[in-house]
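Peer 1:
Residue numbers (this note's numbering), protein chains in the order written: chain A, 87 to 305; chain B, 87 to 305.
1) Using a Cβ-Cβ cut-off of less than 7 Å, list which residues of the region 199-224 of chain A approach chain B; keep chain order.
2) Could you work out which residue in 112/A, 101/A, 281/A, 131/A is closest to residue 264/A when comparing CA atoms only?
3) Against residue 242/B, what residues of chain A qualify as contacts under a CB-to-CB distance less than 7 Å, listed in chain order?
4) Give me the chain A residues within the contact set of residue 142/B, using Cβ-Cβ distance strictly less than 7 Å, ordered along the chain.
5) Taking the beta carbon of residue 113/A as the centre, do at least 16 other beta carbons fall within 10 Å, making it buried, or is it exposed?
6) Nearest to residue 278/A by alpha carbon, out of 250/B, 218/B, 283/B, 134/B?
7) List the endpoints of the continuous beta strand (DSSP E) containing residue 117/B.
8) Does chain B have any CB closer than 8 Å to the CB of residue 127/A?
9) Here's the rule I'm using: 16 or more other beta-carbon atoms within 10 Å means buried, otherwise exposed. How should residue 58/A be labelled?
10) Does residue 129/B pass the burial test, meaning 16 or more other C-beta atoms within 10 Å, or should it be called exposed?
11) Would you mind sorting residue 200/B into buried or exposed? The rule is 16 or more other CB atoms within 10 Å of its CB.
12) Between the Cα of residue 255/B and the Cα atoms of 228/A, 195/A, 275/A, which residue gives the shortest distance?
13) Leaving out five residues on either side along the sequence, give the residues of the same chain with a beta carbon under 8 Å from the beta carbon of residue 272/B.
14) Since residue 137/A contacts residue 185/A with CB under 8 Å, what's their CB separation in whole angstroms?
15) So, with DSSP's three-state summary, where would you put residue 284/B?
16) List in chain order: all unbroken alpha helix (DSSP H) runs of 4+ residues lying wholly within the region 147-232 of chain A.
17) Can you look up residue 98/B in the DSSP assignment and give me helix, strand or coil?
18) For residue 123/A, write down the residues that DSSP places opposite it in a beta bridge.
19) Report yes or no: do the region 183-198 of chain B and the region 164-172 of chain B share at least 3 C-beta pairs separated by less than 8 Å?
20) Would you say residue 254/B faces chain A, with C-beta separation under 8 Å as the test?
21) Pick helix, strand or coil for residue 297/A, following the three-state DSSP scheme.
22) Tell me whether residue 273/A sits in a helix, a strand or coil according to DSSP, three-state version.
23) For residue 183/A, which option in 205/A, 213/A, 155/A has the closest C-alpha, if you only look at C-alpha atoms?
24) Would you please verify whether the beta carbon of residue 189/B is less than 8 Å from any beta carbon of chain A?
25) Note down, in chain order, every chain B residue with its Cβ under 9 Å from the Cβ of residue 251/A.
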């Protein structure tokens, strides 16, 4: 297909497609003549993957390139590839500054209490958790930290489904793609559902209050 | 305290504090003499709140200003303030482009199946959910959409804790601040915990595989 059709199929403007090719996120099409370049289904798929990372995951271009490069190393085992790609996807959310020792302790306690003994204590996301805990503590919202155990149980539920989806696949490229997309879109889906559930629950509470006031005024 | 101490207490550089004051995110300190401006505990608290939204929530400055303005409208009831602030916090994650009708249908079905009948069908986060569902569908990962029910149950667990924390507070300003911080830091905490849980579960699976291979080679 021509670049115009590729653009129409994926919703990515032609200029952006050309930019992605220049940045090495997408291989160039096959040149058929001096003014005709052909793209195929692989390009459609890759472009949608890039778009999910950029638009939904808000990943910087350099990070997208890193994730794609990790995916394409052919010799590494699947476990290694998943680990590296997952780390690349997570890293841009990790704190760059200092994290207080007491917050790291709290984060490690939450992880240990959950029985998560396979997690390396130096794992970057433990630092990300500690950073968020420190901010709650500074803002005097320590009771939210106590609640992290409840969050951890919900996170374990979600992670089990995530990995179940990978286990349902057999093709190496499909597994990796599902992991990348699942990580990025899974965050977006969970975030939206959390906000929808908040509206539902506060709506219910508010309506109860309304009905109560109403029935009181009728007495 | 002087601006230097305010900077040390909050970890925000002096130049950034001055920028926030110019942008209207923080009130100026009280001028005591031509070269001495005093800041107080309110500034420390406000600055930490702004920092959570900017650094953890990645909110653009204009959006932070909008959230703060909503918080400070004195006449609106608590329900109204929470609704508007929550909408301002969520909006920057809502899709700006078209969302396919079939994906909106799927999103509404997930919400209805969960029994969330207080949610307005036009709520922006339902569109955000539909947008993510559309991307999964385009990438041929429709089985992840089927999983949204499991995500929804986990999201309801988290939202119940979120609102429980608000219910535990009585002061209006504290409730609003807890909502803002909880929304922003709650996402960060859940995201970190989800990744940690993924490492744990895949680690367990991998170790089982290793042990299996090991015992086989000993035979």
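For every residue, glycine included, the Cβ atom is placed at its ideal position computed from N, Cα and C. This one's a predicted model, so the numbers in the text were calculated from it and none came from an experiment.
Peer 2: Judging by the given coordinates:
1) 202, 204, 205, 209, 211, 212, 214, 215, 218, 221, 222, 224
2) Position 178 of the first chain, counted from the first residue, corresponds to residue 264/A. Its Cα nearest to that of residue 264/A, the residue 131/A stands out among 112/A, 101/A, 281/A, 131/A.
3) Here residue 242/B is taken as the residue at index 156 of the second chain, counted from 1. Simply 283.
4) Position 56 of the second chain, counting from 1, holds the residue named residue 142/B. Going along chain A in sequence order, the residues near residue 142/B (Cβ under 7 Å) are 218, 221.
5) Looking up residue 113/A in the first chain gives position 27. So residue 113/A counts as exposed.
6) As a first step, residue 278/A must be located in the first chain, where it is residue number 192. Of the candidates 250/B, 218/B, 283/B, 134/B, the one whose C-alpha sits nearest the C-alpha of residue 278/A is 218/B.
7) The residue labelled residue 117/B in the question sits at position 31 within the second chain. Counting along the chain, the beta strand (DSSP E) containing residue 117/B begins and ends at 116-119.
8) Residue numbering aside, residue 127/A sits at position 41 when the first chain is read from its first letter. For residue 127/A, the answer is no, since every Cβ of chain B falls outside 8 Å of its Cβ.
9) This structure gives no information on residue 58/A, because the portion of chain A shown stretches from 87 to 305.
10) What you label residue 129/B is simply residue 43 of the second chain in a count that begins at 1. Looking at its Cβ environment, which holds 16 or more other Cβ atoms inside 10 Å, residue 129/B is buried.
11) Working through the second chain from its first residue, we reach residue 200/B at position 114. By the neighbour-count rule (16 or more Cβ atoms within 10 Å), residue 200/B is buried.
12) Counting from one through the second chain, the residue named residue 255/B turns up at place 169. Of 228/A, 195/A, 275/A, the residue nearest in Cα terms is 228/A.
13) As a first step, residue 272/B is located in the second chain; it is residue number 186 there, counting from the start. Excluding positions up to five away in sequence, the list reads 244, 248.
14) In the first chain, residue 137/A corresponds to position 51, counting from 1. In the first chain, residue 185/A corresponds to position 99, counting from 1. The Cβ separation is near 33 Å, so there is no contact.
15) Sequence index remark: in the second chain, residue 284/B carries index 198 (1-based). Residue state, collapsed to three classes: helix.
16) 147-158, 164-177, 187-199, 210-224, 228-232
17) The residue you call residue 98/B lines up with position 12 of the second chain. In the three-state scheme derived from DSSP, where H, G and I count as helix and E and B as strand, residue 98/B is classed as coil.
18) In the first chain, counting from the first residue as 1, residue 123/A sits at position 37. According to DSSP, residue 123/A bridges with 117/A.
19) Between the region 183-198 of chain B and the region 164-172 of chain B, the count of C-beta pairs closer than 8 Å stays below three; the two stretches do not touch.
20) Translated into positions along the second chain, residue 254/B becomes position 168. Interface residue, yes.
21) Numbered from its first residue, the first chain carries residue 297/A at position 211. In this prediction, residue 297/A has a pLDDT of 45, which is less than 50 and means its spatial position is unreliable; what the coordinates show is noted afterwards. Assigned with DSSP and collapsed to three states, residue 297/A falls in helix.
22) Translated into the one-based positions of the first chain, residue 273/A becomes position 187. Correct three-state label for residue 273/A: helix.
23) Taking the first chain and counting its residues from 1, one reaches residue 183/A at position 97. The shortest C-alpha separation from residue 183/A is found at 213/A.
24) Taking the first residue of the second chain as position 1, residue 189/B is located at position 103. By this cut-off, residue 189/B is not an interface position.
25) Taking the first chain and counting its residues from 1, one reaches residue 251/A at position 165. Residues of chain B with a Cβ closer than 9 Å to the Cβ of residue 251/A are, in chain order, 227, 229, 230, 233.
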